[in-house]
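*Asks:* Just so you know, we're using this note's numbering here: the sequence shown kicks off at 530 and counts up by one.
Just so it is clear, CB atoms sit at the ideal spot from N, CA and C, and this is done for glycine as well.
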Amino acid sequence: MKLRSTFTAVIGAGQVGATTAQRILEQGVSDVMLFDIVEGMPQGKALDLMEAAPIEGHGQRILGTNRYEDIQGAEIVVVTAGLPRKPGMTREDLLALNAKIIKDVCQNVKKYAPNSKLIIVTNPLDIMTYLASRETGFPENRCFGMAGVLDTARMRYFIAERLDCVPKDVQAVVLGGHGDLMVPVSSQTKVKNRPIRDLITSEELAAIEQRTRDGGAEIVKLLKTGSAFYAPSSSVCEMVKAVLRDEKKVLPVCAYLKGEYGLRDIYFGVTAELGKNGVEKIIELPLEPNEKKALEMSAQKVKQGIAEVSSLATAQ
Ligand code: A3D
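#1: In chain order, what residues of the same chain lie with their CB nearer than 8 Å to the CB of glutamine 717, ignoring the 5 residues before and after it?
#2: Taking contact to mean 3 or more Cβ pairs, one atom from each stretch, closer than 8 Å, check whether the segment 548 to 558 and the segment 588 to 599 are in contact.
#3: Pull the bridge partners of lysine 639 from the DSSP assignment, please.
#4: Straight-line CA distance for glycine 569 to glutamine 601?
#5: Tell me, to the nearest whole angstrom, how far the beta carbon of tyrosine 641 is from that of tyrosine 597; I am working on the premise that it is less than 8 Å.
#6: Hey, how far is the Cα of aspartate 743 from the Cα of threonine 681?
#7: Any heavy atom of the ligand FAD closer than 8 Å to the Cβ of phenylalanine 758?
#8: For lysine 798, report the span of its beta strand (DSSP E) as first-last.
#9: Decide if valine 695 is buried, meaning its Cβ has at least 16 other Cβ atoms within 10 Å, or exposed.
#10: Pick out whichever of Ser662, Met684, Ile649 and Gly745 has its Cα sitting closest to the Cα of serine 715.
#11: Any heavy atom of the ligand A3D inside 8 Å of the beta-carbon of methionine 684?
#12: With three or more beta-carbon pairs closer than 8 Å as the criterion, would you say the segment 646 to 664 touches the segment 832 to 839?
#13: For valine 831, tell me which candidate among Gly705, Asp775, Glu817 and Met579 has the shortest Cα-Cα distance.
#14: What residue range is occupied by the uninterrupted alpha helix (DSSP H) comprising cysteine 487?
#15: If we count Cβ pairs, one from each stretch, closer than 8 Å, do we get three or more for the segment 772 to 786 versus the segment 794 to 812?
#16: Taking 9 Å as the threshold (C-beta atoms), are valine 634 and isoleucine 540 in contact?
#17: Are the CB atoms of glutamate 776 and glycine 755 nearer to each other than 9 Å?
#18: Take the Cβ of leucine 492 as the centre, count every other Cβ of all protein chains shown within 10 Å, and call the residue buried at 16 or more, exposed below.
#19: Buried or exposed: methionine 530, going by 16 or more other Cβ atoms within 10 Å of its Cβ?
#20: Go to tyrosine 597, then tell me how far its alpha helix (DSSP H) extends in each direction, as first and last residue.
#21: Report yes if the C-beta of leucine 578 is less than 8 Å from at least one heavy atom of the ligand A3D; otherwise report no.
#22: What's the C-alpha gap between proline 583 and aspartate 577?
#23: Looking only at its chain, what residues have a beta carbon closer than 6 Å to the beta carbon of valine 621, apart from the 5 residues adjacent to it on each side?
#24: Let me know the beta strand (DSSP E) ranges lying completely inside the segment 597 to 633, each 3 residues or longer, listed in chain order.
#25: Exposed or buried, which one is glutamine 544 when buried takes at least 16 other CB atoms within 10 Å?
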């Protein structure tokens, strides 16, 4: 069996990678090439997923591989290769370990899928996306990261849980770095077009914002052996769909900034239009002064990480 001409390559067939592959197939988005360095594992997961196809009723195809040559022709490459957080570990603890993996993956993406759109998922997200852009030399619109869709979905769910409503009726947006200083934008948060501030107290809203910032850690603490993967894979699939179907959908994305919000030379969570060219337009939102300030603090932290990863690169 061969894949059809439009396919997504998923690098790293662990929890996030395999579940992303499953969602892409079962939602009929595209065929999938699933890569991992562990021999047999991506092939086993691919076969298992194909055996579900008659029941799920989709016509997509998936292959597993340990050879980078097989990602040739991929429209999108999703990178989930790397170590996840363990309890007590910050995303930054992962920096040095995952930087090495991202460099190796990027050299191969550059060689075998030079025209693809690259979506980074590996943490620490903003820093790994910056590194990937430097390693591949891809134009910024073709290299971006997934975090904001997930952080926003978490906030939407927590609000829906509090108000006992349907999560998709909650509009919210979380900007900034994917870490403890991410910025839930309350001024933009609404439920069926009613401002959230009219619906819950400011204390309740503050608690939900903090739970959103701690959303990843809450799951790590419960799982004990890994980090979240169901909502992260839904988030990646949403982005893959927006690109492959040229939806021009506005989503929170980790994108390269050239002066937006007064920030430059940084990969950072902002709202952007996703279409067939990747990040097609960055949409700057009107922010309240305290939200602007929070965004600047978050950017400083990401800049520190970028400096750290750049010094690792020169030390090697
Ligand atoms: P896990 O289930 O351990 O899967 C990672 C996979 O990467 C494993 O199958 C490894 O064999 C594979 N791998 C390791 N080194 C390489 C390499 N050099 N080349 C190719 N594959 C390799 O982890 P996971 O799927 O739970 O998480 C994967 C990454 O995503 C971690 O860095 C997480 O922190 C990150 N993550 C980010 C988010 C965001 O919202 C940004 C959410 C969830 C997970």
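*Replies:* The short version:
#1: As a first step, residue 717 must be located in the sequence shown, where it is residue number 188. Gln700, Ala701, Val702 and Leu814.
#2: yes
#3: Numbered from 1 along the sequence shown, position 110 holds the residue referred to as residue 639. Bridge partners of lysine 639: none, in fact.
#4: Indexing the sequence shown from 1 puts residue 569 at position 40. Indexing the sequence shown from 1 puts residue 601 at position 72. If I take the Cα positions, the gap works out to 20 Å.
#5: By one-based count along the sequence shown, residue 641 stands at place 112. By one-based count along the sequence shown, residue 597 stands at place 68. So it is a contact: roughly 5 Å between Cβ atoms.
#6: Stepping through the sequence shown from its first residue, residue 743 is reached at position 214. Stepping through the sequence shown from its first residue, residue 681 is reached at position 152. Their backbone Cα atoms lie some 12 Å apart in a straight line.
#7: Within the structure as shown, the ligand FAD is missing, the only ligands being the ligand A3D.
#8: Here residue 798 corresponds to residue number 269 of the sequence shown, with the count starting at 1. For clarity, residue 798 is glycine in the given sequence; the question names lysine instead. That run of the beta strand (DSSP E) goes 793 to 804.
#9: The sequence position of residue 695 within the sequence shown is 166, counting from 1. Burial call: exposed.
#10: Counting from 1 along the sequence shown, the entry for residue 715 is found at position 186. Nearest option by C-alpha distance: Met684.
#11: As a first step, residue 684 is located in the sequence shown; it is residue number 155 there, counting from the start. Not so, every heavy atom of the ligand A3D lies at least 8 Å from the Cβ.
#12: yes
#13: Taking the first residue of the sequence shown as 1, we reach residue 831 at position 302. Checked all of Gly705, Asp775, Glu817 and Met579; the closest Cα to valine 831 is Gly705.
#14: In the structure displayed, the chain extends from 530 to 845; residue 487 sits before or after that span and is not available.
#15: yes
#16: Your numbering for residue 540 matches position 11 in the sequence shown. Your numbering for residue 634 matches position 105 in the sequence shown. Taking 9 Å as the Cβ cut-off, isoleucine 540 and valine 634 qualify as a contacting pair.
#17: Your numbering for residue 776 matches position 247 in the sequence shown. Your numbering for residue 755 matches position 226 in the sequence shown. Cβ distance not < 9 Å, so glutamate 776 and glycine 755 don't count as in contact.
#18: Residue 492 is absent from the model: the chain starts at 530 and stops at 845.
#19: Residue mapping note: residue 530 aligns to position 1 of the sequence shown, counting from 1. Answer is exposed; the Cβ neighbour count stays below 16.
#20: Locating residue 597 in the sequence shown gives position 68, where the first residue counts as 1. Segment: none, tyrosine 597 is in no alpha helix (DSSP H) and carries neither H nor E.
#21: Locating residue 578 in the sequence shown gives position 49, where the first residue counts as 1. No, since every heavy atom of the ligand A3D falls outside the 8 Å radius drawn around the Cβ of leucine 578.
#22: Stepping through the sequence shown from its first residue, residue 583 is reached at position 54. Stepping through the sequence shown from its first residue, residue 577 is reached at position 48. Cα to Cα, proline 583 sits roughly 12 Å from aspartate 577.
#23: Indexing the sequence shown from 1 puts residue 621 at position 92. It is glutamate, not valine, that sits at residue 621 in the sequence shown. Around glutamate 621: Pro653.
#24: 605 to 608
#25: The sequence position of residue 544 within the sequence shown is 15, counting from 1. That one is buried.
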